[in-house]
Amino acid sequence: EDKVVQSPLSLVVHEGDTVTLNCSYEVTNFRSLLWYKQEKKAPTFLFMLTSSGIEKKSGRLSSILDKKELFSILNITATQTGDSAVYLCAVRNAGNMLTFGGGTRLMVKP
Amino acid sequence: DAGVIQSPRHEVTEMGQEVTLRCKPISGHNSLFWYRQTMMRGLELLIYFNNNVPIDDSGMPEDRFSAKMPNASFSTLKIQPSEPRDSAVYFCASSFYGDTGELFFGEGSRLTVL
């Protein structure tokens, strides 16, 4: 059974801080790892990673995958209150099934 | 494209009643997923379809839950009879099988069973 574990469970920081969110996984026939941001409604897509060591970047957010150690990190620099959300990590297997982790709840205080 | 469309957005019902949730995936997508989200258990995969065929329904809690996908543009998730512990947000999502890319989520159906 595919498994995704995220840490920390929750995090409170102040605006301007840098945060690192962790995602470790076990999956049969890995195809990709995805990061999502969920505010009040449906999860919205951030990144998709398939190759080790290649950083994906979008503004203040970046992510990298280590397929040997089976983990990924999501970094957010210069955090803003609008970054407050639950961040979800998911892995896709060869059968196209996506398994989500429990999420990290980030709160950014002004 | 309008995205993944779910209905109803909110449903309040009494224990024992039948509940039907509906989903229209993005046109051209051939994989469809039903997830349930609660505070305690996070996002749980209930069932997913590839090309209208159920591939894995091991996440369906019990026989009270059933899902169908009669064609490429419509799916239902039915709970009969409903129980208070079924209260959750149910998300439908779609993607293109064979692609490693993102899963597109609907806005969710918030179910409350009294």
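One line per chain: the protein sequences are L and U, in this order. In this text, residue positions in the first sequence follow the numbering used here: the first is 61, and each later residue adds one. In this text, residue positions in the second sequence follow the numbering used here: the first is 12, and each later residue adds one. Just so it is clear, CB atoms sit at the ideal spot from N, CA and C, and this is done for glycine as well. Keep in mind the model is a prediction, meaning the values are calculated, not measured.
- Taking CB atoms only, SER42/U has a neighbour in chain L less than 9 angstroms away.
- Counting along the chain, no beta strand (DSSP E) covers SER93/U, and no H or E run does either.
- Contact annotation, MET157/L with TYR59/U: C-beta distance approximately 6 angstroms; criterion of less than 8 angstroms satisfied.
- DSSP, read as helix, strand or coil, puts THR141/L in helix.
- Around PHE60/U, no beta-carbon contact reaches into chain L at under 7 angstroms, the shortest distance being about 10 angstroms.
- One Cα belongs to LEU130/L, the other to SER38/U, and the distance between them is close to 34 angstroms.
- When CB distances to chain U are screened at a threshold of 7 angstroms, the residues of the region 98-131 of chain L falling below it are LYS101, ALA102, PRO103, PHE105, MET108, THR110, in chain order.
- DSSP places PHE90/L inside the beta strand (DSSP E), whose first and last residues are 90-98.
- Identification of chain U residues near LEU148/L by a Cβ-Cβ cut-off of 9 angstroms yields GLY53, LEU54, ordered along the chain.
- Counting other Cβ atoms within 10 Å of its Cβ, MET50/U stays below 16 and is therefore classed as exposed.
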